[in-house]
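There are 2 protein chains.
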Amino acid sequence: MKTDAVGFRLAKQADLPAIVRMLADDELGSQRERYEEPLPESYTAAFDQIERDSNHELIVAELNGEVIGTLHLMFLPSLSFQGGLRAQIESVRVDKLYQGQGIGSDMMKWAIERSQKRGAHVVQLTTHQSRADAHRFYERLGFKGTHLGMKLSLK
Amino acid sequence: MKTDAVGFRLAKQADLPAIVRMLADDELGSQRERYEEPLPESYTAAFDQIERDSNHELIVAELNGEVIGTLHLMFLPSLSFQGGLRAQIESVRVDKLYQGQGIGSDMMKWAIERSQKRGAHVVQLTTHQSRADAHRFYERLGFKGTHLGMKLSLK
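Heads up: the sequence lines are chains E and V, in that order.
Residue numbering for the first sequence follows the working numbering, starting at 1 and increasing by one per position.
Residue numbering for the second sequence follows the working numbering, starting at 1001 and increasing by one per position.
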């Protein structure tokens, strides 16, 4: 398979099952997602909110008409850094069948370029401390692990 | 001074100089902000964007009509966690003259309660690895440092 045949674009509602399947197909994701037919309505509701908001872009990687990767890119207006726009990336996944071929890296570079064009001064993300492979992956893309990511669960 | 005299509310444009002063009055902030009269226009532009977006809330703590604390609370629609809403907090500051009196803690609790009412399943934030005091402060509020926060500077 040639990586350059992979395209990146904004997600459509029809892509939702493929995206949720990838979110669920993961050690941490399997504990918190529900990939079933039909999809729980909460996914569609969240998709609608994301699609309506010009500061949110749900991205998919596509190969021969099949969705094989995803990430959620968001733009966050902020006062800090002299009112500088931040880009943030969440929920990065590549289909397990297609991992190790540079698709995730190309998808991230595409999102980084998109952030740059939009005028963001930084791209930020967090990854679970346990995902050592992910840390190396992002370091190779130029990210620096300067911050501690903290979470408070409300449920 | 009694902490219970401190009130929390959404910021108004007139609060902007006080907020930027606090963002700048800090070891890391002083390197990247410009607190001057008049304020650089980029701050006002960012404030307008934040104010127009119902997923963003710039919060201030007020004591006797004076702004002495701030944080930026944002709500992020997301597909993960079954389409669960995330709350995120950035740019937390308390005026140096009023630190150590529980004001930051009360302001955070107020923001956490607001996130809960809005239906967020998590509150997330990142702090620079060098801010050991901040880590302890957030841990006391129940936050857990489960993630590595990574940044890629685009400027």
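Every residue, glycine too, gets a C-beta built ideally from N, C-alpha and C.
Fair warning: this is a prediction, and the values are worked out from it, not measured in the lab.
Assuming residue i and residue j make a contact with CB atoms under 8 angstroms, what is their CB distance in whole Å?
i       : j       : result
V/I1050 : E/P77   : 5 angstroms
E/L152  : V/V1123 : 4 angstroms
E/S165  : E/L23   : The first residue shown for chain E is 1 and the last is 155, placing residue 165 of chain E beyond what the model contains.
E/G84   : E/H121  : 4 angstroms
V/E1062 : V/R1009 : 7 angstroms
E/K156  : E/D48   : Residue 156 of chain E is absent from the structure shown; chain E starts at 1 and stops at 155.
Out of the options, point me to the one whose CA is closest to residue i's CA.
i       : options                            : result
E/V6    : E/F75, E/S80, E/M108, E/L39        : E/M108
V/A1111 : V/H1121, V/R1093, V/A1087, V/Q1101 : V/A1087
E/L154  : V/T1146, V/K1117, V/G1029, V/M1150 : V/K1117
V/Q1082 : E/I19, E/H147, E/I103              : E/I19
E/S130  : E/H121, E/G149, E/N64, E/L79       : E/G149
V/F1143 : V/R1114, V/R1032, V/I1089, V/G1029 : V/I1089
V/L1016 : V/D1026, V/H1135, V/S1030, V/A1045 : V/A1045
V/T1127 : E/H147, E/D133, E/T127, E/F137     : E/H147
E/Q101  : E/D25, E/D48, E/F137, E/E27        : E/F137
V/N1064 : V/Y1098, V/E1057, V/N1055, V/L1073 : V/Y1098
E/R93   : E/D48, E/S30, E/A14                : E/S30
V/F996  : V/E1036, V/S1115, V/A1132          : This structure leaves residue 996 of chain V out entirely; chain V is present only between 1001 and 1155.
E/H56   : E/R140, E/E139, E/E113, E/A11      : E/A11
E/Q13   : E/A134, E/R52, E/E139              : E/R52
E/I103  : E/R32, E/L141, E/L28, E/G119       : E/L141
V/L1125 : V/A1132, V/G1119, V/L1073, V/E1113 : V/L1073
Give the range of the alpha helix (DSSP H) segment to which residue i is assigned.
i       : result
V/H1135 : 1132–1140
E/A46   : 41–52
E/K109  : 103–118
V/A1005 : Looking at the DSSP string, V/A1005 is not in any alpha helix (DSSP H), and its letter there is neither H nor E.
E/L63   : From DSSP, E/L63 is part of no alpha helix (DSSP H) but of the beta strand (DSSP E) over 56–63.
E/S80   : 80–83
E/L16   : 16–24
What does residue i reach in chain V if we use C-beta pairs closer than 7 angstroms?
i      : result
E/Y138 : M1150
E/K144 : M1150, K1151
Note down, in chain order, every chain E residue with its Cβ under 9 angstroms from the Cβ of residue i.
i       : result
V/D1053 : D53, N55, P77
V/R1040 : Per the sequence presented here, residue 1040 of chain V reads as Pro, with Arg not at that position. Correct list: Q82, G83.
V/S999  : Because chain V is modelled from 1001 through 1155, residue 999 of chain V falls outside the range shown and cannot be assessed.
V/Q1101 : Ordered by position in chain E, no residue passes the 9 angstroms Cβ test against V/Q1101, which lies about 22 angstroms from the chain.
For residue i, verify whether its CB is less than 7 angstroms away from any heavy atom of the ligand GDP.
i       : result
V/D1048 : Absence of the ligand GDP from the depicted structure is noted, as is the absence of any ligand whatsoever, leaving it without description.
So residue i contacts chain V; which residues on that side make the cut at Cβ distance below 8 angstroms?
i     : result
E/Q31 : Within 8 angstroms Cβ-Cβ: nothing; E/Q31 doesn't reach chain V, min ~10 angstroms.
E/F81 : R1032, E1033
What residues from chain E crowd round residue i, counting only those whose CB sits closer than 7 angstroms?
i       : result
V/M1074 : L76
V/L1010 : Within 7 angstroms Cβ-Cβ: nothing; V/L1010 doesn't reach chain E, min ~14 angstroms.
V/L1154 : S115, Q116, A120, H121, V122, V123
V/I1019 : L79
V/Y1043 : L79, Q82, G83
V/K1096 : What V/K1096 touches in chain E: nothing, since even the nearest Cβ is about 17 angstroms away.
Quick one: list the residues of chain E neighbouring residue i, beta-carbon separation under 8 angstroms, in chain order.
i       : result
V/F1047 : L79, G83
V/L1023 : L79, S80
Assuming residue i is part of the beta strand (DSSP E), what are its boundary residues?
i       : result
E/A87   : 86–94
E/Q124  : 122–128
V/L1148 : 1144–1153
V/E1066 : 1066–1076
Which residues in chain V have a C-beta closer than 9 angstroms to the C-beta of residue i? List them in chain order.
i     : result
E/I50 : P1077, S1078, L1079
E/Q13 : Those do not exist, as E/Q13 stays about 12 angstroms from chain V at its closest Cβ, beyond 9 angstroms.
(message) So, does the stretch 1058–1075 of chain V touch the stretch 38–56 of chain E, judging by three or more C-beta pairs under 8 angstroms?
(response) No, they do not touch.
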